[in-house]
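Reviewing the structure listed below.
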Amino acid sequence: MSPAASPELRLVLAVSLDGRLAPAEGGAAQLGGAADRLVLEEALAWADAALVGAETLRRHGSTCLIHSPALLEARRSEGRGAQPIAIAVSRSGRLPAALPFFRQPLDRWLLQAAAVPGPTPPQGFDRHLPLESWPQALGNLAALGQRRIAVLGGAQLAAALAAEDLLDELQLTVCPRLLGGPHGWLPANARVAPAARAGWRLVEHRALPGDELLLRWRRPGAQGVTS
Ligand SMILES: NC(=O)c1ccc[n+]([C@@H]2O[C@H](COP(=O)([O-])OP(=O)(O)OC[C@H]3O[C@@H](n4cnc5c(N)ncnc54)[C@H](OP(=O)(O)O)[C@@H]3O)[C@@H](O)[C@H]2O)c1
Numbered sequence: 124m125s126p127a128a129s130p131e132l133r134l135v136l137a138v139s140l141d142g143r144l145a146p147a148e149g150g151a152a153q154l155g156g157a158a159d160r161l162v163l164e165e166a167l168a169w170a171d172a173a174l175v176g177a178e179t180l181r182r183h184g185s186t187c188l189i190h191s192p193a194l195l196e197a198r199r200s201e202g203r204g205a206q207p208i209a210i211a212v213s214r215s216g217r218l219p220a221a222l223p224f225f226r227q228p229l230d231r232w233l234l235q236a237a238a239v240p241g242p243t244p245p246q247g248f249d250r251h252l253p254l255e256s257w258p259q260a261l262g263n264l265a266a267l268g269q270r271r272i273a274v275l276g277g278a279q280l281a282a283a284l285a286a287e288d289l290l291d292e293l294q295l296t297v298c299p300r301l302l303g304g305p306h307g308w309l310p311a312n313a314r315v316a317p318a319a320r321a322g323w324r325l326v327e328h329r330a331l332p333g334d335e336l337l338l339r340w341r342r343p344g345a346q347g348v349t350s
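So, in structure tokens, the structure goes:
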């Protein structure tokens, strides 16, 4: 779980009954229905920023936005930006300028491993931050005012955070699909930090229209703000 100087991290995914986040053949997953879309938007409305793996962006082309007028109005009335900051996570920095992501109405930050940010961020980004280690990067984000972070996947990004016990909450929408194949929401070779292997407390379960089930688990002692 994230240390005190870190933001609170909530992993938000739609998964199949057999725990996959993408179809066996891979590619952009569209697992959830309209109800999942709304709980995803609720998580985005909770968040100051959203972390998304570069491969998810390359495959989907864009990231999720809040569209619900009620959620947009709630953020506006709290003096928050309409959308959480979208933080792309990458080593390579390979995010083609033609991706629709770069035309979405968002603040875009790039969190990049093995990179020394220069004085100006790469084209399309408002900020370029180094990812030397996750504790360093998350501490940096907290110092920049990002206290609540939705982690939007994919599996590699989820695994990197689980390996260091940095996820405070898991919000999974279980969707009535059986997908098979290799694309579990944690990769088969994922190494989960020993402290993160047990002790998750179920803090929410909600049947959603369309035979979907929202489940939210939280680690005891996870800091921060839960609404
Ligand atoms: N069902 C859902 O809710 C859901 C949500 C999201 C995604 N998905 C699915 O998941 C699949 C994509 O997931 P994925 O696991 O292949 O990829 P991913 O986690 O989205 O992205 C992997 C890439 O992110 C960067 N990255 C991840 N961890 C990093 C770290 N610790 N340090 C530096 N960079 C890091 C690297 O980018 P570079 O390659 O640029 O170096 C890496 O190749 C797609 O099929 C997508 O549809 C499903």
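Heads up: the sequence shown runs through residues 124 to 350, numbered per the numbering used here.
Glycine included, every Cβ here is placed at the ideal spot set by N, Cα and C.
Backbone secondary structure at residue i - three-state DSSP
{"i": "L140", "result": "coil"}
{"i": "E131", "result": "strand"}
{"i": "V239", "result": "coil"}
{"i": "R217", "result": "coil"}
{"i": "Q227", "result": "coil"}
{"i": "A158", "result": "helix"}
{"i": "A278", "result": "helix"}
{"i": "L222", "result": "coil"}
{"i": "A145", "result": "coil"}
Own chain partners of residue i with C-beta closer than 7 Å, once the 5 adjacent residues on each side are dropped
{"i": "A145", "result": "A152 and H306"}
{"i": "N263", "result": "L252"}
{"i": "A281", "result": "L134, V274, W308 and L309"}
{"i": "Q246", "result": "A220"}
Unbroken beta strand (DSSP E) run spanning residue i, endpoints
{"i": "R270", "result": "Looking at the DSSP string, R270 is not in any beta strand (DSSP E), and its letter there is neither H nor E."}
{"i": "P253", "result": "R250 to L254"}
{"i": "R231", "result": "R231 to A236"}
{"i": "L174", "result": "A172 to G176"}
Residue environment, residue i, which counts as buried when at least 16 other CB atoms sit within 10 Å
{"i": "P130", "result": "buried"}
{"i": "D141", "result": "exposed"}
{"i": "D334", "result": "exposed"}
{"i": "P207", "result": "buried"}
{"i": "Q259", "result": "exposed"}
{"i": "T296", "result": "buried"}
{"i": "D249", "result": "exposed"}
{"i": "A221", "result": "exposed"}
{"i": "E292", "result": "buried"}
{"i": "Q235", "result": "buried"}
{"i": "G241", "result": "exposed"}
{"i": "H183", "result": "buried"}
{"i": "V162", "result": "buried"}
{"i": "L325", "result": "exposed"}
{"i": "W301", "result": "A small correction: the amino acid at residue 301 is Leu; Trp does not occupy that position in the sequence shown. Its Cβ having fewer than 16 others within 10 Å, L301 is exposed."}
{"i": "E165", "result": "buried"}
{"i": "Q269", "result": "buried"}
{"i": "A237", "result": "exposed"}
{"i": "S213", "result": "buried"}
{"i": "A265", "result": "buried"}
6 Å Cβ shell around residue i - same chain, five flanking residues per side excluded
{"i": "V315", "result": "A285"}
{"i": "V274", "result": "L132, L134 and L174"}
{"i": "A137", "result": "L154, G155, D159, T296 and C298"}
{"i": "L338", "result": "L295 and H328"}
{"i": "S185", "result": "P223, F224 and Q227"}
CB contact check: residue i to chain C, cutoff 7 Å
{"i": "I210", "result": "Absent from the structure: chain C. Only one protein chain is present."}
Where the alpha helix (DSSP H) through residue i begins and ends
{"i": "L264", "result": "W257 to A266"}
{"i": "A152", "result": "Element bounds for A152: n/a, residue is neither H nor E."}
Close-in-space but distant-in-sequence residues of the same chain around residue i (CB under 8 Å, 5 per side omitted)
{"i": "A205", "result": "I189, L195, R198, R199 and P228"}
{"i": "W323", "result": "L293, W340, R341 and R342"}
{"i": "P332", "result": "G156, A157 and A158"}
Item checked: Sequence ranges, alpha helix (DSSP H) only - wholly within the region 281–344, length at least 4 -> none
Check: What are the complete alpha helix (DSSP H) segments, minimum 4 residues, inside the region 178–214?
Finding: 192–200
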